[in-house]
Amino acid sequence: MHTIDWLAFKPLPGCTSPHAQMILTQLLRTGKAPPSAGWHVSIGQGDCLCCEVSTPKSWQENGKCIVLVHGLGGSHNSPYMVRMARKLYAKGHKVVRVNLRGCGSGRLLSKLPYHAGTSFDIEYVLKGLRELHPTCEITLIGFSLGANIALKLAGELESSASELFQSCIAVTPPVDLVETVRLLATSENRLYHNYFLKRLREQAEPFTQIRASSLTEFDDTVVAPFWGYKSASHYYEDASSKRFLSNITIPVRMLYAMDDPFISMKALDAVSLPGNITVHATKYGGHMGFLGKAKGHFLYWLDYQLLRWIEI
36 MHTIDWLAFK PLPGCTSPHA QMILTQLLRT GKAPPSAGWH VSIGQGDCLC
86 CEVSTPKSWQ ENGKCIVLVH GLGGSHNSPY MVRMARKLYA KGHKVVRVNL
136 RGCGSGRLLS KLPYHAGTSF DIEYVLKGLR ELHPTCEITL IGFSLGANIA
186 LKLAGELESS ASELFQSCIA VTPPVDLVET VRLLATSENR LYHNYFLKRL
236 REQAEPFTQI RASSLTEFDD TVVAPFWGYK SASHYYEDAS SKRFLSNITI
286 PVRMLYAMDD PFISMKALDA VSLPGNITVH ATKYGGHMGF LGKAKGHFLY
336 WLDYQLLRWI EI
């Protein structure tokens, strides 16, 4: 049984609902992204990922480099990606916003759509960064589905992970995809289910014209056949990071909100977590919301917490 580090998070007045937290976060103005240059990373077979790299003038080769991986249906322009990139850049850190296959500025640069287990793509990015900057300190931050991918990679690499990145932060990671998809299919989460399905359909347009009516159908008819899985269930089991968590050797922080509508911490109960993984949790926050009092960060307590961990 793992120990939970409970964090003091006070949501905005009248904003304790997880639905208000998630929706309001999407509606608030994000602000401008920091200056960036596109970086194409080859991932084999003529495909590539397109990353946006922001390098402060003051940054030095032994400085910190933060790699951000977006969630389902997202891109380098997702609000949380832009906010964090801007704040990290202002702190003098190099920031790499990764677009997963077929997303953002890399929309037409891959023959296959991304999926929840494409950790090998992030490994290509980290290897490329390490070749360019052998002495920098790399922290990998994944958000939601991107957090599952980041954890999966850390576990797959085991003791060799530290050669590519020194630490990892996973924000609301769906380590058990079977459970997450089950929760998204419930009537109370229909709004989120339909939003994610719409985004996936849009991102998959270059690859297929199949019009699935549910996430499971999409994964059964698009993701599974493209990637050689027998079914959506086979894909979920294979891509879930929970079976790799016990193999992680680098320092990892995981952050959950107990009222997240579709990502539950319960999957961790069946896993023996090593001492280098710290599980943090809040009572409120919804899914990727965490809107509350945060010194110097307007309403974004999440940003404050991530920057605090990076600066430690």
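Mapping of the sequence shown onto our numbering: residues 36 to 347, in sequence order.
Where a beta carbon is used, it is the ideal one built from N, C-alpha and C, also for glycine.
No experiment lies behind these values; they were computed from the predicted model shown.
When you compare the CB of residue i with every CB in chain D, is at least one pair closer than 8 Å?
i	result
THR153	Considering every chain present, this structure includes no chain D. It has just one protein chain.
Which residues does DSSP list as the beta-bridge partners of residue i?
i	result
HIS37	Its beta-bridge partners do not exist; DSSP assigns none.
HIS75	CYS85
ALA205	GLY177, MET289
CYS100	LYS129, ILE173
LEU371	For the chain, the structure presents residues 36 to 347; residue 371 sits outside this window and is missing.
VAL314	ILE39, MET289
PRO46	GLY327
Looking at residue i: is its Cβ nearer than 8 Å to the Cβ of residue j?
i	j	result
GLN201	THR170	no
ALA302	LEU42	no
ILE39	VAL287	no
LEU250	HIS228	yes
THR65	ARG118	yes
LEU147	VAL102	no
PHE178	TYR264	no
ALA205	MET289	yes
PRO208	SER276	yes
TYR124	PRO48	no
GLY106	LEU218	no
LEU186	PHE279	yes
GLN238	GLY108	yes
GLY152	PRO241	no
ILE298	THR215	yes
ALA259	SER266	yes
PHE44	TRP336	yes
GLY127	SER71	no
Exposed or buried, which one is residue i when buried takes at least 16 other CB atoms within 10 Å?
i	result
THR60	buried
ILE347	exposed
GLN95	exposed
PHE35	What is shown of the chain runs 36 to 347, which leaves residue 35 out entirely.
ASP295	buried
SER145	buried
PRO46	buried
LEU226	exposed
ASP338	buried
GLY139	buried
LYS99	buried
SER222	exposed
LEU342	buried
ALA120	buried
LEU84	buried
Nearest CA to the CA of residue i: which residue from the options?
i	options	result
VAL104	SER145, HIS150, LYS126	HIS150
SER154	LEU188, LEU342, GLU214	LEU188
GLY163	LYS92, SER77, GLY127	SER77
SER195	ILE347, ILE285, ALA259	ILE285
ILE184	ASP273, LEU334, PRO46, LYS328	ASP273
LYS129	SER268, TYR270, LEU107, VAL88	VAL88
LEU63	PHE325, TYR291, ASN224	PHE325
ILE157	GLY79, PHE44, ARG225	GLY79
GLY141	GLY73, SER197, VAL257	GLY73
TYR271	ILE283, ASP255, ASN282, SER281	ASP255
THR51	LEU192, CYS138, VAL306, GLY327	GLY327
LYS122	ASN97, LYS67, CYS85	LYS67
LEU192	ASN282, HIS75, LEU342, THR90	ASN282
SER307	LEU167, GLU172, GLY190	GLY190
CYS11	GLU214, GLU172, PHE231	With the chain running from 36 to 347 in the structure shown, residue 11 is simply not present.
LYS233	PHE253, VAL258, TYR291	PHE253
GLU166	LEU199, ALA182, LEU143, ILE176	LEU199
ASN97	LEU143, CYS83, LEU341, HIS168	HIS168
VAL210	TYR291, ARG236, LEU235, PRO91	TYR291
ASN311	SER197, LEU235, TYR230	SER197
Stretch-stretch touch, CB-based, cutoff 8 Å, three pairs: the region 317-324 with the region 49-59: Taking a cut-off of 8 Å on C-beta distances, the region 317-324 touches the region 49-59, as three or more cross pairs fall below it.
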